[in-house]
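Heads up: the structure comes next, in structure tokens.
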């Protein structure tokens, strides 16, 4: 049994008092001192882990002012602030002890769009892709590009002066910032914009903080002009902190925003930004070049730069090899054809041209193509040209590079700490040769990709930080890379900021360090804002890279076999893909609905890692406890009944905080498919629930849900009686008291309708008796509890469709699938159910007749949960019906064209079986029906989640964020859904009965004779 995990110490009293005083002064946002939030905010996308004292979520500028003014209170002189954007920093920029200020929850408003002036005003929590979605109808976009654009906030982009692909054409974030409204550490509101000499003189004459800051910075620049010119590198990626090299501004006065951009929250809190935006390019073309190796790609890049491309990107053989195993490779493979001479493509360059007019782009493209055709380089295998949607597919593949590297197997995973170095582009090939030599000399694996036009390569060495011997490599490699960048005239921090790498600032700036400290002192004299990074107001030493706790240090305290048992959680690297703002993406619905970061895959993985660490410290082996679990139900039920009769307060236990986060998970498995690292929350959630309920009794509703599959066949024999018993007011009240709502209605039994179609029950004996010809046309339909008992017409229509298409369906005997018990953590019971069901299905499968399932979520359980519990070889092979049919199109007669339809697939299917979603389109097209699959998130039902009273409100919020819009915009009869829970949700909320795809196909097939038969009749 797991122990009670009491925390050694509560939240720091200083921060408890600070938050209490903030609340008393009218702080309108949210304040959190909870263990869960402090655990989740202890990490970002870096290798570090530092728990803050508290987290503040300001609602507006006034809240930021309240924080600043309270910092100026002598009682709180020891409080420091850690501003945080999207949490995607790779160097700990937002980490550290103190008060985290996160604007991404509430300060997310786009305040003004001015298409005439091509400007926008936004709050700092606006996400980059969110802004561009709002700008698109105006034909405008915010130009700085980055791979984390669907979760990176504008405030974070400004604080790191972010940029990425296309920076040589569009510049960096600071090149697009017109003005900033900032809040200083004493609550002063400061406007930072480019001032001419006259305006500077006027501001400098003021006796307030703004006047003092402008005077101080003006003096720093005047007194250090020669050193600034000498020490600031002349690079496209000149991200070096306080950008004194550009602080004079275009008008020759002073431009404070150039200092705030890239300052990583060390100078001020950003409350509002006015940005310049650009017209969306009307035309684009991309050249994809293939090479024999990565060095050839790097050296050829110099020949590609003079053609005026918007971006030139490169990918090495490691990343390319991983990409070839990614589902998205099928969409780009044609652009990297095999070499007739048999040479393998082990390096690529992507060269994109954009412009306002097609002729402009074609002219630039033509010049490059002419050079490539005239220059028969022995290391250049070939090139192709992409246009239209193919360009986006290629860039998506490139954007996946970080995720692909993070998903490699093993304890040593590629990690960021020297991944954004910048050197002059003409030096890049030689520099990378020496960089690779450094890593090869230490026996490290790595992957490389990046922006060759800007001289920036992203390099992630694979290191296992749980191993103390490997931990020292962080300093060894970093110091080696610092020396290399200095030799080649470059920088350690070319794109992703300094963060905890600030200890190397003095080596780059030398005698200019006092000037940086003077800037810090002017803005933040007390070192209250993100201290230890970039510069110190007091001259204190900056944080050293090995003076900060690492995630690996904490993870190594978890025993190896426990780590192996909970592998689904431990490899989360904090990339934050689950924080996507886009409600039309499936991952992660609970995050999108709550905006609580603990209710995300990253949050839950962080809590699970900490929980495992604490159980290990208490001397408990959770892996062994799981192995000892027994499948019986009577004891746990009795404990639940006893717990219901004597309700007790839960008491202090970190396990409760973890449980709260796990309860919010829909178990939709979108993270399992969509997370680059494949963090599998439903799997480790089920394990946690199994362990948690060894100590704490389950709610009674869990036992009701666990009994559903065994009891449904009995109740389904008399559907009218069952509906009367389950849906009368007294039963509804009782179910509500148990915590269950929106109970579905039983449909008519399957057997009579299937009997009319001649569909028999599948048995091994009956299937073995089939002739070879009969077996070739036979298929076994595997039932699931919900479709068979609540939507039996769908199963009937599936069998009817199979018959119409020339196949003979058989119905597998109903056996519980076990998914509901797995979702609720009855793991021992799930294994017993799975073993019994798998035996029956394998016996049918052994006859050579294929198995197909109806509901995507239940069917995919055989590939995931069954494979995990029983082993991949033991799990039965059950295909989705469209997968099986799409593989047999040669045996299916086409039909004439019909009306276009739309399909909203189940989110588990969309993220875990994307090829199966395309199979629907292939099948529909073959039968004459155009099928659109619009982007959409989760419906919010997710099996039993939306039927639980505690979740119902959140379930409806999730539905309203994406599905409600798709349902409303689709005329009656044109929108399909293949998930039972999705159809149930649409009917509950919108009163819309969405047909299953097989029902639409059946109607079309019955209404139209095969094309060949029509031609013959004519």
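Numbering (our numbering), first residue to last: 237 to 1254.
Quick reminder that beta carbons are idealized off the backbone N, C-alpha and C, glycines included.
Sequence-distant residues of its chain with Cβ nearer than 7 Å to residue i (five each side left out)
{"i": "residue 914", "result": "643, 908"}
{"i": "residue 613", "result": "536"}
{"i": "residue 1110", "result": "1074"}
{"i": "residue 980", "result": "1026, 1220"}
{"i": "residue 483", "result": "453, 457, 490, 491, 494, 495"}
{"i": "residue 994", "result": "none"}
{"i": "residue 1071", "result": "1106"}
{"i": "residue 1127", "result": "1042"}
Distance, residue j Cα to residue i Cα
{"i": "residue 460", "j": "residue 481", "result": "10 Å"}
{"i": "residue 557", "j": "residue 717", "result": "26 Å"}
{"i": "residue 1261", "j": "residue 375", "result": "Residue numbering for the chain in the displayed model covers 237 to 1254; residue 1261 lies beyond these limits and cannot be assessed."}
{"i": "residue 562", "j": "residue 321", "result": "30 Å"}
{"i": "residue 296", "j": "residue 511", "result": "19 Å"}
{"i": "residue 771", "j": "residue 741", "result": "8 Å"}
{"i": "residue 602", "j": "residue 528", "result": "24 Å"}
{"i": "residue 298", "j": "residue 268", "result": "18 Å"}
{"i": "residue 988", "j": "residue 1049", "result": "15 Å"}
{"i": "residue 1261", "j": "residue 1051", "result": "With the chain represented from 237 up to 1254, any question about residue 1261 goes unanswered, as that position is not in the structure."}
{"i": "residue 852", "j": "residue 794", "result": "6 Å"}
{"i": "residue 1023", "j": "residue 932", "result": "33 Å"}
{"i": "residue 1040", "j": "residue 1013", "result": "12 Å"}
{"i": "residue 965", "j": "residue 392", "result": "53 Å"}
{"i": "residue 293", "j": "residue 836", "result": "17 Å"}
{"i": "residue 622", "j": "residue 532", "result": "22 Å"}
{"i": "residue 186", "j": "residue 896", "result": "The chain is shown from 237 up to 1254; residue 186 falls before or after that span and cannot be answered."}
{"i": "residue 802", "j": "residue 920", "result": "6 Å"}
{"i": "residue 1086", "j": "residue 1114", "result": "8 Å"}
Paired residues, beta bridge with residue i - DSSP
{"i": "residue 1046", "result": "996, 1016"}
{"i": "residue 1116", "result": "1089"}
{"i": "residue 338", "result": "320"}
{"i": "residue 684", "result": "695"}
{"i": "residue 658", "result": "692, 727"}
{"i": "residue 1138", "result": "1168, 1211"}
{"i": "residue 266", "result": "293"}
{"i": "residue 484", "result": "BP columns for residue 484 are empty, so no partner."}
{"i": "residue 1205", "result": "Beta-bridge pairing links residue 1205 to no other residue."}
Contact check, residue i vs residue j, beta carbons under 9 Å
{"i": "residue 1168", "j": "residue 1139", "result": "yes"}
{"i": "residue 584", "j": "residue 641", "result": "no"}
{"i": "residue 1015", "j": "residue 1046", "result": "yes"}
{"i": "residue 400", "j": "residue 383", "result": "yes"}
{"i": "residue 984", "j": "residue 1028", "result": "yes"}
{"i": "residue 389", "j": "residue 360", "result": "yes"}
{"i": "residue 300", "j": "residue 505", "result": "yes"}
{"i": "residue 850", "j": "residue 702", "result": "no"}
{"i": "residue 541", "j": "residue 491", "result": "no"}
{"i": "residue 696", "j": "residue 651", "result": "yes"}
{"i": "residue 781", "j": "residue 710", "result": "yes"}
{"i": "residue 250", "j": "residue 302", "result": "no"}
{"i": "residue 1000", "j": "residue 1079", "result": "yes"}
{"i": "residue 653", "j": "residue 282", "result": "yes"}
{"i": "residue 846", "j": "residue 790", "result": "yes"}
{"i": "residue 840", "j": "residue 805", "result": "yes"}
Same chain only: Cβ atoms within 6 Å of residue i, ignoring 5 sequence neighbours per side
{"i": "residue 1065", "result": "867, 1057"}
{"i": "residue 567", "result": "629"}
{"i": "residue 239", "result": "854, 856"}
{"i": "residue 1101", "result": "1058"}
{"i": "residue 381", "result": "400, 401, 402"}
Close Cβ partners of residue i (< 8 Å) along its chain, the five nearest in sequence each way excluded
{"i": "residue 912", "result": "636, 638, 639, 640, 642, 643, 811, 813"}
{"i": "residue 434", "result": "489"}
{"i": "residue 963", "result": "979, 981"}
Any chain C beta carbon closer than 9 Å to residue i
{"i": "residue 1080", "result": "Of the protein chains in the structure, only one exists, and it is not chain C."}
*Every unbroken alpha helix (DSSP H) inside the stretch 394 to 435 [4 residues or more]*: Entirely contained in the stretch 394 to 435, the alpha helix (DSSP H) runs reaching 4 residues are, in chain order, 403 to 406.
_List, from N- to C-terminal side, the alpha helix (DSSP H) runs of 4 residues or more that fit wholly inside the stretch 486 to 518._
Whole alpha helix (DSSP H) segments, 4+ residues: 493 to 496.
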